[in-house]
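Following: one structure in structure tokens, then a few remarks.
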Amino acid sequence: MKHTLSVLVENKPGALMRVTSMFARRGFNIDSLAVGPTERHDVSRITIRVDCAQTTLEQIEKQMHKLVNVLRVQELVPGESIERELALLKVAAPASKRAELMTLADAVGARLADIGPDSVVFELVGTPEEIDAFEELVRPHGLRELGRTGRLGLSRAARTAKRPQQVLV
Amino acid sequence: MTGADAILRCLEAEGVDVIFGIPGGAILPLYDAMARGTSVRHVLARHEQGAGHMAEGYARASGRVGVCVATSGPGATNLVTPIADAWMDSTPLVCITGQVRSHLIGTDAFQECDITGITIPIVKHSWLVQNVRELPSVVKAAFHVARTGRCGPVLVDVPRDVQEAEFDFSYPESLSLPGWKPPRRGHSRQITAAARAVAAAERPILYVGGGVLNADATSELLELAERGRLPVVTTLMAKGAFPESHELHAGWPGMHGPKWSNWALNKADLIVAVGARFDDRVTGRVSAFAPGATIVHLDIDAAEISKIRHADIPVVGPLKPVLGQLARELEPVPGRAEPWLRQIADWRDEFPLRYGGENGVLKPQRVLELLQELTADRDDVVFTTGVGQHQMWAMQYLQCDLPRSFITSGGLGTMGYGIPAAVGAKAARPDATVVCVDGDGCFQMTQQELATAVLEQLPVVVVIVNNGYLGMVRQWQDMFFDERFSQIRLTQQVPDYALLAQAYGALGFTAETDDELRDALEQSLASGRTCVIDARVDPHEHCFPMIPAGAAAVDVIEYPVNEAVTA
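Line order of the protein sequences matches chains A and B. Heads up: the first sequence at position 142 corresponds to 146 in this note's numbering, and the numbers run straight through without jumps. Heads up: the second sequence at position 36 corresponds to 1336 in this note's numbering, and the numbers run straight through without jumps.
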């Protein structure tokens, strides 16, 4: 079962390493990881995608809470949160194929980020599933390079960020 | 004031009386500040690993935070083993390391290593101090984090230029640690539920771990056990947390625990785990461990709840108030406990500890029996051990009735822990009789700290259960590797431990018979000096009972019957 965790950490040296090291040491696998600033200059947000059982997820949350730099751990529940990812895709694009590629890109809302003599770079922001789909669409044309940010998430606008759910009584 | 002086003022403000360490290049300013004067005593170890274990022994014997100091690079890496040990056994430890000057960090400078990076998986937290103005709040935070929540090690890495920098010192009164929120109290309704479950159980048992000692909750534990007439098993880390002469003490669970203790734990219908973590050396195969038991788990660390065994009634919080409330709320049904207690007593009579008969050779178990006999009349005795067979025999044959009287390396199983831990314990409790029960393999890993014991006037008695082998390895090779003995023979003669002791300025004894051992122990305990007793024991003795790794309690292997006499 896949889960997305949104973790707020103090913006201090080594904070990310402490989190990822805990995952490595305890044998938890990270599917994707995105790190960046938040509305507070002294706080960073780490969005972590993990594939694990519910009991393991509880362990991960509890182990993360023990890290001194970790301020909050929240699971982003599907349906109650927004998840997005950015992808850059460099695709082979001889002149004869460009029109077809542009049509595909338009259909999914991908933007043309750069254009060269025999290839183009698309940028696409969407749910990770939308990006997966676009990736498969352009792959037959020759996907030369792909970079994805890993998913980023926030709880829905109707929900204000809560205190971390007390896992245990 | 310089940063180095500030570190000492911080330690003084924290009430630290002894620290353990070794100077070196990157920590020179701190040692220079010591020369300028401080109320903190510095004990000069012979190896940083020794300094770290001394700080652990100090912490375990006193209940205070242990402090050790080392220089950068190899000094710091030599601390890695004690840090890992303290991490596994939840020993509060503040490690202060020197680091190369700030502008050299990252250049592979002489004696540079990334000790904060190396230790990330084995510390609660660590700090690389980048500005001298942060130093006081970092040191204060270090002590706070080490001793609050689940205790453990922290590391403060201080570049040399930060130690030398001048600033206006003041020790902060408060701290800002927004991410550090250890639980302050247990959930009251959960405790009530636990009390009801305990009262309703037919065969309840308290499974007590080292957390009770860290929580200073032994009197609450005693109150709970007596009120509910609850039998108590104590893990290796909790030996002494409940009086072992008490009728409710039901021994020690796990791989080398007595059969009756493991039966009591495994046949219980309700286990109250108190500051214990269902370690594999206690449970054996988890799926076969106490299959019929409801689990009440009391712990300050939420992450221990349901980590190994699902907790039916978890209570996260500091054990002292949690146990206190549980004891107050428990309404035992009069007489209900007695059949279960009688059953455990029957098992105890049926399955006593046994070892080999008289063949004129000194048996290792006998060494522990004699040590127990000759220390029984002393008020304040602290035992430390190394790791291996002698450690397990010490668990089985020494009787500890007081908290903090048995100090050992449990989780990490660090050979060589015993001697430096004894020195640290003696520094914490100068009036106590401190005895290290060691193996000949362990002794040779940290023997150089005998010099520290002698020269720092921290006398300890070291009893080497000398079987000339890496005994526990030998036992495993014998039992599980078809007797293919591989690289285990140390010999009983090299080194000559008594002569070696004398070379260090200690008293040395060699004992090959019961009488010689008794004589050596009596002389050593009376001497007030550092002593080493080389007790040459039967090298073929194995430690029983034994539940093989990954097996269940019912698979226990007992002492071969035709050779055994009841102890």
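No residue lacks a Cβ here, since even glycine has one placed at the ideal position from N, Cα and C.
CB contact flag (residue i, residue j, <8 Å)
i: Gly1324(B); j: Thr1684(B); result: no
i: Val1832(B); j: Gly1808(B); result: yes
i: Pro1392(B); j: His1353(B); result: no
i: Glu1(A); j: Thr153(A); result: As displayed, chain A neither begins before 5 nor continues past 173, which places residue 1(A) out of reach and without an answer.
i: Val1394(B); j: Phe1469(B); result: no
i: Tyr1717(B); j: Ile1764(B); result: no
i: Val1454(B); j: Val1429(B); result: no
i: Phe1785(B); j: Arg1774(B); result: yes
i: Leu80(A); j: Ser159(A); result: yes
i: Ala1835(B); j: Ala1811(B); result: yes
i: Pro1472(B); j: Ser1426(B); result: no
i: His1347(B); j: Gln1748(B); result: yes
i: Leu1758(B); j: Val1723(B); result: yes
i: Gly1711(B); j: Asp1579(B); result: yes
i: Gln1464(B); j: Pro1558(B); result: Looking at the sequence itself, residue 1464(B) is Glu, so the reference to Gln does not match. No, the Cβ-Cβ distance between Glu1464(B) and Pro1558(B) is not below 8 Å.
i: Gln1691(B); j: Gln1672(B); result: no
i: Leu1770(B); j: Gly1805(B); result: no
i: Gln58(A); j: Met5(A); result: yes
i: Ala1361(B); j: Arg1729(B); result: yes
i: Gly1688(B); j: Met1772(B); result: yes
i: Leu1598(B); j: Val1615(B); result: yes
i: Leu1702(B); j: Gly1584(B); result: no
i: Ala1306(B); j: Leu1435(B); result: yes
Three-way DSSP call (helix, strand, coil) for residue i in this model
i: Met1695(B); result: helix
i: Met26(A); result: helix
i: Cys1843(B); result: coil
i: Pro1453(B); result: strand
i: Pro41(A); result: strand
i: Gly154(A); result: coil
i: Asp1305(B); result: helix
i: Ala1852(B); result: coil
i: His1342(B); result: strand
i: Tyr1471(B); result: coil
i: Cys56(A); result: coil
i: Val1458(B); result: strand
i: Pro1860(B); result: coil
i: Ala1313(B); result: helix
i: Arg1503(B); result: coil
i: His7(A); result: strand
i: Tyr1331(B); result: helix
i: Thr1594(B); result: strand
i: Arg1609(B); result: coil
i: Val1508(B); result: strand
With 9 Å as the C-beta to C-beta threshold (strictly closer), list the residues of the stretch 1403-1416 of chain B near chain A in chain order. Thr1416
Worksheet item: If contact means a Cβ-Cβ distance below 7 Å, which residues of the stretch 1438-1466 of chain B contact chain A?
Response: Val1445
_So within the stretch 70-136 of chain A, which uninterrupted alpha helix (DSSP H) runs reach at least 4 residues, ignoring any that extend past its ends?_
As far as the stretch 70-136 of chain A is concerned, its whole alpha helix (DSSP H) runs of at least 4 residues are 99-112.
Checklist entry - Does the stretch 1364-1374 of chain B come close enough to the stretch 1395-1413 of chain B to have 3 or more Cβ pairs within less than 8 Å? => result yes
message: Tell me which residues of the stretch 54-83 of chain A have at least one Cβ-Cβ distance to chain B shorter than 8 Å, keeping chain order.
response: Thr59, Glu62, Gln63, Lys66, Gln67, His69, Lys70, Leu71, Val72, Asn73, Val74 and Leu75
Self-check item: Residue ranges of each alpha helix (DSSP H) within the stretch 1795-1826 of chain B, 4 or longer
Solution: 1797-1803
Along the stretch 9-23 of chain A, what residues have a CB closer than 8 Å to any CB found in chain B? Val13, Glu14, Pro17, Gly18, Met21 and Arg22
Using a Cβ-Cβ cut-off of less than 7 Å, list which residues of the stretch 25-41 of chain A approach chain B; keep chain order.
Ser25 and Arg29
Those runs of the alpha helix (DSSP H) which lie wholly inside the stretch 1512-1559 of chain B and span at least 4 residues: 1518-1528
**Prompt:** Along the stretch 1463-1495 of chain B, what residues have a CB closer than 7 Å to any CB found in chain A?
**Reply:** Leu1477, Pro1478, Gly1479, Trp1480, His1487 and Gln1490
Length-filtered (4 minimum) alpha helix (DSSP H) runs lying within the stretch 1729-1759 of chain B
1740-1746 and 1749-1755
Exercise for review: Could you pull out every unbroken beta strand (DSSP E) segment of at least 3 residues lying fully inside the stretch 1614-1702 of chain B, listed in chain order?
Suggested key: 1654-1656 and 1681-1685
The stretch 51-59 of chain A / the stretch 93-106 of chain A touching (three or more Cβ pairs under 8 Å) | no
Practice task
Starting from the N-terminal side, write out each stretch of the beta strand (DSSP E) that is 3 residues or longer and does not extend beyond the stretch 1387-1424 of chain B.
Solution key: 1393-1399
Quick check: the stretch 1655-1673 of chain B against the stretch 1555-1567 of chain B, are at least 3 beta-carbon pairs closer than 8 Å? no
Handout entry: Cβ contact check for the stretch 1738-1758 of chain B and the stretch 1718-1729 of chain B: 3 or more pairs under 8 Å
Key = Judged by pairs of C-beta atoms under 8 Å, the stretch 1738-1758 of chain B touches the stretch 1718-1729 of chain B, as three or more such pairs exist.
- Between the stretch 1619-1639 of chain B and the stretch 1506-1521 of chain B, do at least 3 Cβ pairs fall closer than 8 Å? yes
| field | Three-pair Cβ contact test at 8 Å for the stretch 1336-1356 of chain B versus the stretch 1479-1493 of chain B | value | The answer is no - the stretch 1479-1493 of chain B does not touch the stretch 1336-1356 of chain B, with fewer than three Cβ pairs under 8 Å.
At least three beta-carbon pairs within less than 8 Å, the stretch 1500-1513 of chain B to the stretch 1566-1580 of chain B: yes
**Request:** Take every Cβ of the stretch 1663-1672 of chain B, pair it with every Cβ of the stretch 1814-1821 of chain B, and state whether three or more of those distances are shorter than 8 Å.
**Result:** yes
| Using 8 Å as the threshold, is the stretch 1408-1426 of chain B in touch with the stretch 137-156 of chain A, meaning 3 or more CB pairs across them? | Result no; under three Cβ-Cβ pairs closer than 8 Å.
If contact means a Cβ-Cβ distance below 8 Å, which residues of the stretch 1587-1606 of chain B contact chain A?
-> Identification of residues in the stretch 1587-1606 of chain B having a C-beta nearer than 8 Å to some C-beta of chain A yields Asp1601, Ala1602, Ala1603, Ile1605 and Ser1606, given in sequence order.
- Do the stretch 1533-1540 of chain B and the stretch 1640-1648 of chain B touch if we need at least three Cβ pairs shorter than 8 Å? Between the stretch 1533-1540 of chain B and the stretch 1640-1648 of chain B, the count of Cβ pairs shorter than 8 Å is below three; the stretches do not touch.
Taking 8 Å as the cut-off, does the stretch 1360-1368 of chain B touch the stretch 1304-1321 of chain B (at least 3 CB pairs, one atom from each stretch)? yes
Flag this pair as touching only if the stretch 60-72 of chain A and the stretch 111-118 of chain A have three or more C-beta atom pairs under 8 Å; answer yes or no.
Remark: fewer than three beta-carbon pairs, one from each stretch, lie closer than 8 Å, so the stretch 60-72 of chain A and the stretch 111-118 of chain A are not flagged as touching.
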